[in-house]
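Asks:
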Amino acid sequence: MITDAPRIITSRFDRADSHTLAGYEATGGYQALRKALSMGPAAVADEVKTATLLGRGGAGFPAGVKWGLAPENVWPRYLVVNGDESEPGTYKDRLLMERDPHQLIEGVLLASYAIGCGQAFLYVRGEMALAQERIATALNDAYAAGYVGKNILGSDFSVDVVLTWGAGAYIVGEETALIESLEGNRGMPRLKPPFFPAAKGLYMQPTIVNNVETLANLPWIVTNGGEAFAALGAETSRGTRMFAVSGHVKNPGVFEVEYGVTTFRDLIFAPQYAGGILGDRALKAFIPGGASAPWFFEEHLDLPLEKVTVDRAGSMLGSGAVVVMDETTDAVKACLRVVRFFARESCGKCTPCREGTTWLQNILQRIQDGYGRPTDLDLLMDVSDNISPGITWPPKQTTICPLGPSAVSPIASAMQRFRPEFEARIAQAEEARHSVPVNFTKASSHG
Amino acid sequence: MARLTNDNVELAREIIGRYPRPKSALIPLLHLAQEQDGHLTDEAMAHIAELVSVSSAEVLGTASFYEMFKMEPVGRYMVNICTNISCQLRGGEELLAHAEKTLGIRPGQTTSDGLFTLEDVECIAACTEAPCLQVNYRYEHRISNEGFDQLMNDLRDGRRSDIPPHGVLAEIRQHIPADRRAGNVTPEDTVIPVWVAAAGEGEK
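Top line first, the protein sequences correspond to chains A and B. Mapped onto the working numbering, the consecutive letters of the first sequence carry residue numbers -3 to 443. Mapped onto the working numbering, the consecutive letters of the second sequence carry residue numbers 808 to 1011.
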């Protein structure tokens, strides 16, 4: 269902000055901060809880609940903003950082105030030079205007917001890896338990890690109230959400839609969104929530963009990345490309992921190149099973973080639906092997 | 160039000063060294090790994990073409093949004139604008073969002054004015924040 829900986080995107302090202030900017300072930290946290704002980074954990996991009376607490957007198909946090950096900063201030953080770190992906510049400018202006830093707007609330940035590593989007990176280390995830960041995170202190889009919602929630936010969307998916629709569609784009009620069909086919499949071809498959998500097909088009529904249907909305593949798509090639990504980005800490993803890539590569063996499909499933026992959804894992199991998703999907394509590729390879001229084998056996 | 220049040491100290623990400044400092020299030299990494009081091995350990840090000289322009799924579906691999052919190099290699280094990269978060690429981490959206050729020519002929040489990332830096700073919060600062205490939420 397409609704006329307000645009909450992309409301300024059409303005040329959306990234400036003047543009932000002219459109209600930093009014939520003023309101919050008069409410007190607990009331702000309550509004966010009432809103039932689900984290927009991938896992979809309620932000208000996450804040509450910090152990009582343990200080200091830190806030870390995850702006390391790099899940294939995902394009939203970069837009929020480039086009409306003050909205994010105000969100950081509101969260810091509610949680009790005196220092926050805004970690931007290394490759995003413009986002870093826009946030640096916005922070410099916001400090000068008294919105950030010591005794904010004359109150007793003080917080430093430090812009920091990475240097190219997908895994750093995982929150414990991000904390390692922020401590100046190799970005390898920590074993959880015991190191759940809310209890022991940055410098082993309670640390809340929130995604950029999650925090960008806070100014609207504080201004309009948690109930107004919760009035939008479905019971388990409130508010609005940004979805990037890419691949074989007529009008690829990033769209903010009402969460929980808009369907995949709306998003992919409606003229105001992606506008249908390129060349009006048939749909082959689509990835509903980034490269880690199992693929969906024609029969899933009428599912709403709603967390629980999509989880139950065997995939996830993840980071709001919908990648559309039309009927001309080569399933082996697409599957290989996604698996290769995880093989390249494995941090190497856990053996099943480090070795397994590499082997999955090698096997798929030889199938793709015409050297596949009849035993390869079983081998793919066997290696997958060693990374993610049972190959179920949600995935079980033999690894510290979900990167390894993520490489299993495209294989499980493609093999379930397009196994004949893999078999045909292998059969061709077999035929080629057996059609080697007799003279050639003779000659080569003589060395 | 080897160690950080005096100006960069001053910048480095300002950056280190923004973190409760000096080692947290490591990645930004490595970027600063790469901005100075175009790649990371052993001398610069040793200098950074001194500045944040860790061993050179620890600095190398961190640096070698991250793809953006180059231990060898690279071209003035790093041309990163995305071939991940969204770009693959819209011609990213064909674009890469075109780039290889016209530049005469394979991913990871640098043209003999030292201008271009080509890379076959993972998703750079411009999926709806596929195929896409970055030159020194500045985006080019929905780029055709002709558009690519034009871009290379513009870079060769110095018509893209908006793209700084490799190593320069953000050209605007954060500066926190001394009179506005709240100050670092270290793990040793175990007192309850004043605004939380004032709200009577000490028991929360």
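Virtual Cβ for every residue (Gly too), placed ideally from N, Cα, C. None of these values were measured; they are calculated from a predicted model.
Beta-carbon within less than 6 Å of GLU865 (chain B)'s beta-carbon, same chain only, minus the 5 sequence neighbours each way: which residues are those?
Replies: Residue numbering aside, residue 865 (chain B) sits at position 58 when the second sequence is read from its first letter. If we look at GLU865 (chain B) and ignore the five residues flanking it on each side, it has no Cβ neighbours.
Asks: Could you tell me the distance, in whole angstroms, from the CA atom of VAL445 (chain A) to the CA atom of GLU295 (chain A)?
Replies: An answer regarding residue 445 (chain A) cannot be provided, because it is not within the stretch -3 to 443 covered by chain A.
Asks: By DSSP's criteria, GLY249 (chain A) is part of a beta bridge. Which residues make up the other side?
Replies: The residue you call residue 249 (chain A) lines up with position 253 of the first sequence. According to DSSP, which records beta bridges pairwise, GLY249 (chain A) is partnered with A:VAL241.
Asks: Give me the subset of the segment 870 to 881 of chain B whose CB atoms are less than 7 Å from a CB atom of chain A, sorted by chain position.
Replies: If the cut-off is 7 Å between Cβ atoms, the segment 870 to 881 of chain B has PHE872, TYR873, GLU874, MET875 and PHE876 near chain A.
Asks: If we cut at 8 Å on Cβ distances, does HIS442 (chain A) have a partner in chain B?
Replies: Position 446 of the first sequence holds residue 442 (chain A). Residue placement at HIS442 (chain A) is poorly supported in this model, since its pLDDT is 48, which falls under 50; the coordinates still yield a value, given next. No, because no Cβ of chain B sits closer than 8 Å to the Cβ of HIS442 (chain A).
Asks: Once you ignore the five residues that flank ALA163 (chain A) on each side, which residues in its own chain have a CB closer than 6 Å to its CB?
Replies: Indexing the first sequence from 1 puts residue 163 (chain A) at position 167. The answer, listed in chain order, is GLY122.
Asks: If the cut is a Cβ gap below 8 Å, which residues of chain B does ARG333 (chain A) touch?
Replies: For the purposes of this step, residue 333 (chain A) is taken as residue 337 along the first sequence, with counting starting at 1. Under the 8 Å cutoff, chain B gives THR890, ASN891, ILE892 and GLN895.
Asks: Give the straight-line distance between the Cα atoms of GLY222 (chain A) and ASP13 (chain A), rounded to the nearest whole angstrom.
Replies: Here residue 222 (chain A) refers to the residue found at position 226 when the first sequence is read from its first residue. Here residue 13 (chain A) refers to the residue found at position 17 when the first sequence is read from its first residue. Each residue's alpha carbon lies about 28 Å from the other.
Asks: Among B:ALA904, B:ASN891, B:PRO972 and B:LEU858, which one has its Cα closest to the Cα of PRO880 (chain B)?
Replies: The sequence position of residue 880 (chain B) within the second sequence is 73, counting from 1. The shortest Cα separation from PRO880 (chain B) among B:ALA904, B:ASN891, B:PRO972 and B:LEU858 belongs to B:PRO972.
Asks: Measure the CB-CB distance between ILE823 (chain B) and LEU867 (chain B) and report whether it falls below 8 Å.
Replies: For this step, residue 823 (chain B) is matched to residue 16 along the second sequence. For this step, residue 867 (chain B) is matched to residue 60 along the second sequence. No, the pair does not count as a contact, with Cβ atoms beyond the cut-off.
Asks: Return yes when the Cβ of THR236 (chain A) is within less than 8 Å of the Cβ of GLY24 (chain A), no when it is not.
Replies: Locating residue 24 (chain A) in the first sequence gives position 28, where the first residue counts as 1. Locating residue 236 (chain A) in the first sequence gives position 240, where the first residue counts as 1. Not in contact: GLY24 (chain A) and THR236 (chain A) (Cβ atoms no closer than 8 Å).
Asks: Taking only beta-carbon atoms, is GLU944 (chain B) less than 8 Å away from chain A?
Replies: Your numbering for residue 944 (chain B) matches position 137 in the second sequence. The sequence shown places Tyr at residue 944 (chain B), not Glu. Yes, its Cβ sits closer than 8 Å to a Cβ of chain A.
Asks: Can you check whether the CB of VAL250 (chain A) is closer than 8 Å to the CB of THR935 (chain B)?
Replies: Residue mapping note: residue 935 (chain B) aligns to position 128 of the second sequence, counting from 1. Residue mapping note: residue 250 (chain A) aligns to position 254 of the first sequence, counting from 1. Taking 8 Å as the Cβ cut-off, THR935 (chain B) and VAL250 (chain A) qualify as a contacting pair.
Asks: List the residues of chain A whose Cβ lies closer than 9 Å to the Cβ of GLY990 (chain B), in chain order.
Replies: Taking the first residue of the second sequence as position 1, residue 990 (chain B) is located at position 183. Per Cβ cutoff of 9 Å: GLY114, GLN115, LYS146, SER154 and ASP156.
Asks: If you follow the beta strand (DSSP E) that LEU279 (chain A) is part of, which residue opens it and which one closes it?
Replies: The count along the first sequence starts at 1 and reaches residue 279 (chain A) at position 283. Taken as a continuous stretch (DSSP letters only), the beta strand (DSSP E) holding LEU279 (chain A) covers 279 to 283.
Asks: Using a Cβ-Cβ distance cut-off of 8 Å, determine whether VAL886 (chain B) contacts chain A.
Replies: For the purposes of this step, residue 886 (chain B) is taken as residue 79 along the second sequence, with counting starting at 1. No, VAL886 (chain B) lies away from the interface with chain A (no Cβ there is under 8 Å from its Cβ).
Asks: Quick one: using the 10 Å Cβ neighbour count with 16 as the cut-off for buried, is ASN960 (chain B) buried or exposed?
Replies: Taking the first residue of the second sequence as 1, we reach residue 960 (chain B) at position 153. Burial call: exposed.
Asks: Spatial neighbours of VAL157 (chain A) within its chain, please: C-beta separation below 7 Å, excluding the five flanking residues on both sides.
Replies: For the purposes of this step, residue 157 (chain A) is identified with residue 161 of the first sequence, where counting begins at 1. Excluding positions up to five away in sequence, the list reads ILE101, VAL104, ALA116, LEU118, LEU135 and VAL144.
Asks: Here's the rule I'm using: 16 or more other beta-carbon atoms within 10 Å means buried, otherwise exposed. How should PRO300 (chain A) be labelled?
Replies: If you number the first sequence from 1, residue 300 (chain A) lands on position 304. Under this definition PRO300 (chain A) is a buried residue.
Asks: Give a yes or no on whether the minimum CB-CB distance between ARG825 (chain B) and chain A is below 8 Å.
Replies: Here the question's residue 825 (chain B) lines up with position 18 in the second sequence. Closer than 8 Å: yes.
Asks: Taking only beta-carbon atoms, is VAL241 (chain A) less than 8 Å away from chain B?
Replies: One-based indexing of the first sequence puts residue 241 (chain A) at position 245. Interface residue, yes.
Asks: Evaluate PRO401 (chain A) with the Cβ neighbour count: other Cβ atoms within 10 Å of its Cβ, from every protein chain shown; 16 or more gives buried, anything less gives exposed.
Replies: Looking up residue 401 (chain A) in the first sequence gives position 405. Looking at its Cβ environment, which holds 16 or more other Cβ atoms inside 10 Å, PRO401 (chain A) is buried.
Asks: When the Cα atoms are used, what is the spatial distance from SER409 (chain A) to TRP291 (chain A)?
Replies: The sequence position of residue 409 (chain A) within the first sequence is 413, counting from 1. The sequence position of residue 291 (chain A) within the first sequence is 295, counting from 1. Approximately 6 Å, taken between the alpha carbons.
Asks: Which runs of the alpha helix (DSSP H) fall wholly inside the segment 811 to 883 of chain B and span at least 4 residues, in chain order?
Replies: With a minimum length of 4 residues, the continuous alpha helix (DSSP H) runs that stay inside the segment 811 to 883 of chain B are 813 to 823, 833 to 844, 849 to 859 and 863 to 870.
Asks: Pick out whichever of B:GLY915, B:HIS854 and B:HIS838 has its Cα sitting closest to the Cα of GLY882 (chain B).
Replies: For the purposes of this step, residue 882 (chain B) is identified with residue 75 of the second sequence, where counting begins at 1. Residue B:GLY915 is the option with its Cα nearest to GLY882 (chain B).
Asks: Would you call GLN843 (chain B) buried or exposed, if buried means 16 or more other Cβ atoms sit within 10 Å of its Cβ?
Replies: In the second sequence, the residue the question calls residue 843 (chain B) occupies position 36. Flag for GLN843 (chain B) reads buried.
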